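Protein sequence lines, in the order shown, are assigned to chains A and B.
Residue 149 is where the first sequence starts when you use my numbering, and the numbers rise one by one after that.
Residue 318 is where the second sequence starts when you use my numbering, and the numbers rise one by one after that.
Notes follow once the structure below has been shown.
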Amino acid sequence: MRIIGPDELVFGVDNVGACGSFLADYGLIGDGNGRFAALDNTAITVRDKQEPSLPAPMKTASMLRQTIWGVEDQATLDQIEAELSRDRPVAKSADGTLACRDDSGFEIAFRVTRRTKLDLPAELINSPGAKPGRGTNVVGANEDAEARPRSLSHIVYFVPDMDKMANFYIERLGFVITDKFTNTGPFLRPQANDDHHVLFMIQTPEYMQGIEHLAFHMQGPTELMLAGSRMVKKGYESFWGPGRHKFGSNWFWYFNSPLGTHVEYDADMDKHDGDWVERETPMTKDAAQMFLFENVEKWAPGGGPPPAQK
Amino acid sequence: MTSEPLFLCRVDDIGEGGSIGVAPDHRGRDRVLLVRQGQAIYGYINNCPHYDRAPLGWKKDAFLSGDQTRIMCAAHGALFTITDGLCELGPCLGQRLTPVALVITECEVFGLDIPEFAYGRSTQQSSGAAA
Ligand code: FES
Chain A
149 MRIIGPDELV FGVDNVGACG SFLADYGLIG DGNGRFAALD NTAITVRDKQ
199 EPSLPAPMKT ASMLRQTIWG VEDQATLDQI EAELSRDRPV AKSADGTLAC
249 RDDSGFEIAF RVTRRTKLDL PAELINSPGA KPGRGTNVVG ANEDAEARPR
299 SLSHIVYFVP DMDKMANFYI ERLGFVITDK FTNTGPFLRP QANDDHHVLF
349 MIQTPEYMQG IEHLAFHMQG PTELMLAGSR MVKKGYESFW GPGRHKFGSN
399 WFWYFNSPLG THVEYDADMD KHDGDWVERE TPMTKDAAQM FLFENVEKWA
449 PGGGPPPAQK
Chain B
318 MTSEPLFLCR VDDIGEGGSI GVAPDHRGRD RVLLVRQGQA IYGYINNCPH
368 YDRAPLGWKK DAFLSGDQTR IMCAAHGALF TITDGLCELG PCLGQRLTPV
418 ALVITECEVF GLDIPEFAYG RSTQQSSGAA A
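Given below as structure tokens:
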């Protein structure tokens, strides 16, 4: 099934204004109507939690109301409709979007993707022995770089039964396991996406069910550092990072958010195809990251105090 | 064992019905959060019982739900009562924030026995986070 990845996440929140300023400062572009988009038009939408048009809330603290998956074409939508209609009601709206619940009770939807194709440069680096990435006299440290999220990368859920959850996406929607933390959950990618993961889950008690975090891809590690540092400077709460994960290899920096979930910047994630053999390891602090830094106040080396006068 | 009271802030620094982060550690992270309701001020260690290194706010001094009736952890949305720090909804359901003993004079707020680090030194089990 040609599912590409998360197209849009819809939240029902108790502070639309705060969420809007957070998402705008994070770098997404608001449309003035609660939708905040990355450069490729994947997006987060925030609505007041009372708004009747929203899918039903969960009974937990999670404010996520719906995960909308983007698919390649109408044929894929038809396939999904046929497959999921076998054992659950699938609603079809005027624009063709399909909506239902997954086997864990999360509200999900499918539509032909609204992603636009990006044609942007990667982070350019110079490395001895390799052809220079940047042209001569092109400066790498540009403090004024825009640093906008490029694309909605992945979503992570707390789920009461990770096998049931994973099996739904694998058996019914054709997702593939890339790697697995034993007793935590698998990293999954859909068939029309070669990113290491667009979906991950963490097994928890039922009262925790909800979204653990969401992430957008940045251009590269430098842009991730720049965007994260700007968030810190504006007073936002850094939760974890910057650092680099092992599984997926992506650089990460997580922030708390008024949406009641971590919002992550990621960069430079591995890509895989059918030849990849999944790895498995227990979840530990060593397995979660290759390295981890903490943002501290700026500092510069100096000459030290002048020598004492004799 | 009670240490010298540590000056946290002036009463007026906390807006009515609002919150503030105080007592930064050596890295500049606020160890304590205070919430004011009328004359009453409530203080808790800035560490969510859900994870072992979890500051609660989403922005400097922003520790409350939108309607200001609960303390909210901006990591996964846990909601705590302001008066006794009990998690009523969320991943740490039934657990409590650690209260800070406060000494409140006419216009200043002091705290007792505030740990050197608010988080990062606890032995609580993490529920894991990844990816
Ligand atoms: S760390 Fe506070 S709710 Fe998860």
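Idealized CB from N, CA, C, for every residue including glycine.
Quick caveat, the model's predicted, so the values are computed rather than measured.
Remark: fewer than three beta-carbon pairs, one from each stretch, lie closer than 8 Å, so the region 187-206 of chain A and the region 384-403 of chain A are not flagged as touching. The Cβ-Cβ distance between A:His-361 and A:Val-411 falls below 8 Å. Across the structure, A:Pro-369 and A:Val-307 are spaced so that their CA atoms are roughly 30 Å apart.
Listed in chain order, the non-local C-beta contacts of A:Gln-222 below 8 Å within the same chain comprise Gly-244 and Val-260, local neighbours out to five positions each way being set aside. For B:Leu-410, at least one C-beta of chain A is nearer than 8 Å to its own C-beta. B:Pro-372 has a beta carbon lying within less than 8 Å of a beta carbon in chain A.
Pairing B:Ile-331 with B:Arg-353, the inter-Cα distance amounts to about 6 Å.
Distances between the C-beta of B:Gly-407 and the heavy atoms of the ligand FES include at least one below 7 Å. Classified as exposed, A:Asp-179 has fewer than 16 neighbouring CB atoms from the shown chains inside 10 Å of its CB. Counting the other CB atoms within 10 Å of its CB gives A:Lys-328 a total of 16 or more, which places it among the buried residues.
At least one heavy atom of the ligand FES lies closer than 7 Å to the C-beta of B:Tyr-368. A:Leu-202 places its beta carbon 8 Å or farther from that of A:Phe-184. The beta-carbon distance between B:Leu-350 and B:Phe-427, rounded to whole angstroms, is 15 Å. This is too long to meet the 8 Å contact definition.
In this structure, the alpha-carbon of A:Ser-252 lies about 7 Å from that of A:Lys-312. In this structure the region 425-434 of chain A does not touch the region 368-383 of chain A; the number of beta carbon pairs closer than 8 Å is below three. Judged by DSSP secondary structure, A:Phe-348 falls within the beta strand (DSSP E) whose first and last residues are 347-351.
At a cut-off of 7 Å, the beta-carbon of A:Ala-436 does not count as near the ligand FES: no heavy atom of the ligand is closer than that. Per DSSP, the continuous alpha helix (DSSP H) segment holding A:Ser-377 begins and ends at 369-381. When the Cα atoms are used, A:Ala-204 and A:Pro-334 turn out to be separated by approximately 27 Å. Within the same chain, and ignoring the five residues on either side of B:Cys-326 in sequence, the residues whose Cβ sits closer than 8 Å to its Cβ are Ile-337, Val-339, Leu-351, Glu-425 and Val-426. Closer than 8 Å to the CB of A:Glu-199 there is not a single CB belonging to chain B. Not a single heavy atom of the ligand FES lies less than 7 Å from the C-beta of A:Gly-358.
In the DSSP assignment, B:Cys-404 falls within the unbroken beta strand (DSSP E) covering 404-406. Residue range 324-330 is occupied by the beta strand (DSSP E) that includes A:Asp-327, with no alpha helix (DSSP H) assigned at that position. For A:Ile-152, no pairing in a beta bridge is given by DSSP. Pairwise C-beta distances place the region 357-368 of chain B in contact with the region 408-424 of chain B, as three or more of them are shorter than 8 Å. For the beta strand (DSSP E) assignment, the uninterrupted runs of no fewer than 3 residues enclosed by the region 155-201 of chain A are, from N- to C-terminal side, 183-185 and 191-196.
For the ligand FES, no non-hydrogen atom lies closer than 7 Å to the CB of A:His-361. Around the beta carbon of A:Met-356, a 10 Å sphere encloses 16 or more other beta carbons of the protein chains shown; the residue is thus reported as buried. In this structure, B:Ala-371 has its beta carbon less than 7 Å from a heavy atom of the ligand FES. Nearest to B:Cys-409 by C-alpha distance, out of B:Ser-382, B:Leu-381, B:Asp-369 and B:Glu-433, is B:Asp-369. Residue pairing of A:His-365 in beta bridges, as defined by DSSP: A:Ser-299 and A:Asp-414. DSSP places A:Leu-212 inside the beta strand (DSSP E), whose first and last residues are 212-219.
Within the DSSP bridge table, the entry for A:Cys-248 names A:Ile-256 as partners.
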